[in-house]
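Asker: Using this note's numbering, read the sequence shown as starting at 937 and increasing by one per residue.
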Amino acid sequence: MAKVILVTPDYHCGVVESAGKWPNLAFVYLAGHLRKAGHEVKIYDAMSKDHNLTQIMEHIKSFEPDVVATTAYTASFPAALEILKETKKYDQDLITVIGGSHVTFEYDVTLSENDYVDYIVRYEGEETFPALLEALAEKQELKTVKGIAFREKDQIIATDQRAFIPNLDNLIPAWDLVDWKDYTFFVYPGSSLAIVSTSRGCMHDCKFCSQQKFWQRSWRARSVESITSEIKYLVKKYKIDVFFISDEYPTSDRERWESMLDKLIEMDLGCVFLMETRVDDILRDEDIMGKYLKAGIIHIYVGIEATDQETLNRFNKGIEADDSKRALDIIHSAGIVTETSFVLGGPEETYESIQKTLAMAKKYNPDFGHFLLLAPWPYADMYDDLKGHIESYDYSKYNLVEPVIKPDAMTTEELFEQVLKCYKSFYYDKIPEWANLEDGFKKDYALHSMRAIMDNSFLKEHVLKFGTMPKMVEDILKDLAGEKVS
Ligand code: SF4
């Protein structure tokens, strides 16, 4: 038996943190499977606790682990490495492990450049991580463990990929190891926030997306019984009232999805859900959008990314430009909050094309719009098209808000300034619109969300640069910030 600590990297960029704090779901499952294999496990969510590296090391030392494991997507990769580096400085004998999307693809360079990383768990970890620990304990040949990468003498070895777990209902979550007091949805002060997964993967092929690569364009789903009983358990046991559905693509199978909505309606648990899905599924589900709301779904993010057909085709998005507006209208008509993002900052971006996107964003009129910058993930299908324009190889900036690709027509600083102008223009229109809304739920939700964005997102540092704002917007923002309105 080993003592294993699972640590999230202390990475913050003001993107995901703006809505709330939620547990690391991958760790919840990993912990469940490691514990079943006989190990003692601690989930330590340093990111949600806002702990710095010194505090992280204090926690690691006090747990006295045998194994320190972390996870990373590309932007959090440098912070994850720091944890493993400090761990080895503290005690060379501790075993260091890292998993997640970035190292799954970049295992070779990760192991060659960072000798303090012992093992990489690639793709799904629930079966692979316990198998790795068993092989180490039994001194078995590591090459027989599927799904890992490691150094052997001067060589980097990557073993065969492990097959994805066929039945997701067999996953074992360790919800009892979650420090629930850390998690809340900022829009509803005092709420308890959980994240659940109803399916894994996506069979689509968007060129900028790392998810379809990680899941190799496969899609598996849990049964309605399994997911709804888990939701009920979390509501009853931990008083969870807000759920994020983590799936990239929960609605792929309409029959399963509608059955899930029916079951949630029947259970009437009094909790709400935030989710994302594809534009084409919203069009497909127009006739059951009322069920979405009745089941508790209050907020849907749809990936639009681009408003012109040429860019959508280049991204391989598989949707028609006109469909996006229709999908937003359908969600909106059902009384559900709409959110989407528009991707800017490709090599061919110009001042004119940004203005065009902004005008279309206003026309599409989602409740929340994000103007995100293209990030050149080193393993993405678009990488070759982008690599000649990359200005920074500091992965911590690959977070969709910091510009790392230089368009031909402007500098990265000018690009960032344009992005801020898009936010300013979009929300200066939105804020008075929200204030005048008659729909009590939406008005309240939108204004509280704006407050959360102002308090927690990367925009917080830049609001002052927006310059003079209309008096009405200034008053609403002051009111939201709890300041006296003149
Ligand atoms: S639909 Fe979403 S998850 Fe699927 S490939 Fe496209 S961006 Fe990725």
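For each residue, glycine too, the CB sits at the ideal point set by N, CA and C.
For the alpha helix (DSSP H) holding GLN1245, just list the boundary residues, first then last.
Answerer: Along the sequence shown, read from residue 1 onward, the residue named residue 1245 stands at position 309. From DSSP, the alpha helix (DSSP H) with GLN1245 extends over 1245-1250.
Asker: Helix, strand or coil: which one does DSSP assign to GLU1241?
Answerer: Locating residue 1241 in the sequence shown gives position 305, where the first residue counts as 1. Strand, per DSSP.
Asker: Considering only residues of the same chain and omitting the five flanking positions on each side of GLU1062, which have a CB-CB separation below 7 Å?
Answerer: Indexing the sequence shown from 1 puts residue 1062 at position 126. TYR965, LEU966, HIS969, ILE1101, LEU1107, listed in sequence order.
Asker: Which partner residues of TYR1228 appear in the DSSP bridge assignment?
Answerer: The residue you call residue 1228 lines up with position 292 of the sequence shown. When DSSP reads this structure, TYR1228 sits in no beta bridge, so it has no partner.
Asker: Take every Cβ of the segment 1255-1274, pair it with every Cβ of the segment 1212-1223, and state whether three or more of those distances are shorter than 8 Å.
Answerer: Note that the segment 1255-1274 touches the segment 1212-1223; at least 3 beta-carbon pairs, one per stretch, sit closer than 8 Å.
Asker: Between GLY1271 and ligand 1, is there a pair consisting of the residue's CB and a ligand heavy atom that are separated by less than 6 Å?
Answerer: In the sequence shown, counting from the first residue as 1, residue 1271 sits at position 335. Not under cutoff, so the answer is no.
Asker: How about TRP1313 and SER1146: do their beta carbons lie closer than 7 Å?
Answerer: As a working note, residue 1313 is residue 377 in the sequence shown. As a working note, residue 1146 is residue 210 in the sequence shown. Going by beta carbons, TRP1313 and SER1146 fall inside the 7 Å limit.
Asker: Could you give the distance in angstroms between the alpha-carbon of ILE1267 and the alpha-carbon of ILE1290?
Answerer: Counting from one through the sequence shown, the residue named residue 1267 turns up at place 331. Counting from one through the sequence shown, the residue named residue 1290 turns up at place 354. Cα to Cα, ILE1267 sits roughly 26 Å from ILE1290.
Asker: Tell me GLY1035's beta-bridge partners as DSSP assigns them.
Answerer: Locating residue 1035 in the sequence shown gives position 99, counting from the first residue. According to DSSP, which records beta bridges pairwise, GLY1035 is partnered with THR1007, VAL1057.
Asker: Name all residues in chain order for which at least one heavy atom of ligand 1 lies closer than 7 Å to the residue's CB.
Answerer: CYS1138, HIS1140, ASP1141, CYS1142, CYS1145, GLN1147, GLN1148, GLU1184, TYR1185, ARG1214, GLY1239, LYS1253
Asker: To the nearest angstrom, report how far apart GLY1137 and MET1408 are at their CA atoms.
Answerer: Within the sequence shown, numbered from 1, the residue matching residue 1137 stands at position 201. Within the sequence shown, numbered from 1, the residue matching residue 1408 stands at position 472. Going by the C-alpha atoms only, they are around 44 Å apart.
Asker: Assign SER1422 to one of two classes, buried (16 or more other C-beta atoms within 10 Å of its C-beta) or exposed (fewer than that).
Answerer: Here the question's residue 1422 lines up with position 486 in the sequence shown. With a pLDDT of only 49 at SER1422, under 50, the local geometry of the prediction cannot be trusted, and the value read off the model is given with reservation. SER1422 comes out exposed.
Asker: In the DSSP assignment, the beta strand (DSSP E) including GLN1091 goes from what residue to what residue?
Answerer: Taking the sequence shown and counting its residues from 1, the one referred to as residue 1091 is at position 155. It spans 1091-1094 - the beta strand (DSSP E) in which GLN1091 sits, taken as one unbroken run.
Asker: Taking buried to mean at least 16 other C-beta atoms within 10 Å of its own C-beta, is ARG1190 buried or exposed?
Answerer: Within the sequence shown, the letter at position 254 stands for residue 1190. So ARG1190 counts as exposed.
Asker: Reducing DSSP to helix, strand and coil, say where GLY1376 ends up.
Answerer: If you number the sequence shown from 1, residue 1376 lands on position 440. Residue state, collapsed to three classes: helix.
Asker: What first and last residue would you give for the beta strand (DSSP E) that runs through ILE941?
Answerer: The sequence position of residue 941 within the sequence shown is 5, counting from 1. Segment 939-943, the beta strand (DSSP E) holding ILE941.
Asker: Between the C-alpha atoms of TYR1363 and ALA1071, what's the straight-line distance to the nearest angstrom?
Answerer: Walking along the sequence shown from the start, residue 1363 turns up at place 427. Walking along the sequence shown from the start, residue 1071 turns up at place 135. Linking TYR1363 to ALA1071 through their CA atoms gives a straight-line distance of about 55 Å.
Asker: According to DSSP, is SER1361 helix, strand or coil?
Answerer: The count along the sequence shown starts at 1 and reaches residue 1361 at position 425. The answer is helix: DSSP assigns SER1361 an H, G or I state.
Asker: Span of the alpha helix (DSSP H) holding SER1260?
Answerer: As a working note, residue 1260 is residue 324 in the sequence shown. 1257-1269 is the span of the alpha helix (DSSP H), which, as asked, contains SER1260.
Asker: With DSSP collapsed to three states, give me the class of LEU1030.
Answerer: Along the sequence shown, read from residue 1 onward, the residue named residue 1030 stands at position 94. Coil.
Asker: Out of LEU961, GLU953, GLY1271, state which residue places its alpha-carbon closest to the alpha-carbon of ASP1115.
Answerer: Residue 1115 sits at position 179 when you count from the first residue of the sequence shown. Of LEU961, GLU953, GLY1271, the residue nearest in Cα terms is LEU961.
Asker: Around the Cβ of ALA1295, are there at least 16 other Cβ atoms within 10 angstroms (buried) or fewer (exposed)?
Answerer: For this step, residue 1295 is matched to residue 359 along the sequence shown. Exposed is the call here.
Asker: Compute the distance between the beta-carbons of ALA1388 and VAL1123, then report whether it is under 7 Å.
Answerer: Taking the first residue of the sequence shown as position 1, residue 1388 is located at position 452. Taking the first residue of the sequence shown as position 1, residue 1123 is located at position 187. In this structure, VAL1123 lies closer than 7 Å to ALA1388 by Cβ.
Asker: Would you give the residue range spanned by the beta strand (DSSP E) that TYR980 belongs to?
Answerer: Numbered from 1 along the sequence shown, position 44 holds the residue referred to as residue 980. Where TYR980 is concerned, the enclosing beta strand (DSSP E) stretches over 976-980.
Asker: Can the beta-carbon of ASP1054 be found less than 7 Å from the beta-carbon of ILE1084?
Answerer: Position 118 of the sequence shown, counting from 1, holds the residue named residue 1054. Position 148 of the sequence shown, counting from 1, holds the residue named residue 1084. The beta carbons of ASP1054 and ILE1084 sit no closer together than 7 Å.
Asker: With DSSP run on the structure shown, which of helix, strand or coil describes TRP1151?
Answerer: As a working mapping, residue 1151 is identified with position 215 in the sequence shown. Reduced to three states, the DSSP call for TRP1151 is coil.
Asker: Cβ of GLY1036 within 7 Å of Cβ of ALA1067?
Answerer: Looking up residue 1036 in the sequence shown gives position 100. Looking up residue 1067 in the sequence shown gives position 131. Not in contact: GLY1036 and ALA1067 (Cβ atoms no closer than 7 Å).
Asker: Please classify ALA955: does DSSP put it in a helix, a strand, or coil?
Answerer: As a first step, residue 955 must be located in the sequence shown, where it is residue number 19. DSSP, read as helix, strand or coil, puts ALA955 in coil.
Asker: Under three-state DSSP, which class holds ALA967?
Answerer: Reading the sequence shown from its first residue, position 31 is the one you call residue 967. Helix.
Asker: According to the Cβ coordinates, are SER984 and ASP1118 closer than 7 Å?
Answerer: As a working mapping, residue 984 is identified with position 48 in the sequence shown. As a working mapping, residue 1118 is identified with position 182 in the sequence shown. Yes, these two residues count as a Cβ contact at 7 Å.
Asker: Where DSSP assigns a beta bridge to MET1211, which residues make up the other side?
Answerer: Taking the first residue of the sequence shown as position 1, residue 1211 is located at position 275. DSSP output for MET1211 lists ILE1236 as bridge partner(s).
Asker: Under the rule that 16 or more other beta-carbon atoms within 10 Å means buried, what is THR1080, buried or exposed?
Answerer: Translated into the one-based positions of the sequence shown, residue 1080 becomes position 144. Exposed, since its Cβ has fewer than 16 Cβ neighbours within 10 Å.
Asker: Just how far apart, CA to CA, sit GLU1000 and LYS939?
Answerer: Taking the first residue of the sequence shown as 1, we reach residue 1000 at position 64. Taking the first residue of the sequence shown as 1, we reach residue 939 at position 3. Taking the straight line from one Cα to the other gives about 8 Å.
Asker: Can you list, in chain order, the residues of its chain with a C-beta nearer than 6 Å to that of ALA1311? Leave out the 5 residues immediately preceding and following it.
Answerer: By 1-based counting over the sequence shown, the position of residue 1311 is 375. The residues are TYR1334, LEU1336.
Asker: Extract the residue ranges of the alpha helix (DSSP H) inside the segment 1125-1211, only unbroken runs of 4 or more that lie entirely within it.
Answerer: DSSP runs (the alpha helix (DSSP H)) wholly in the segment 1125-1211: 1147-1150, 1160-1174, 1190-1203.
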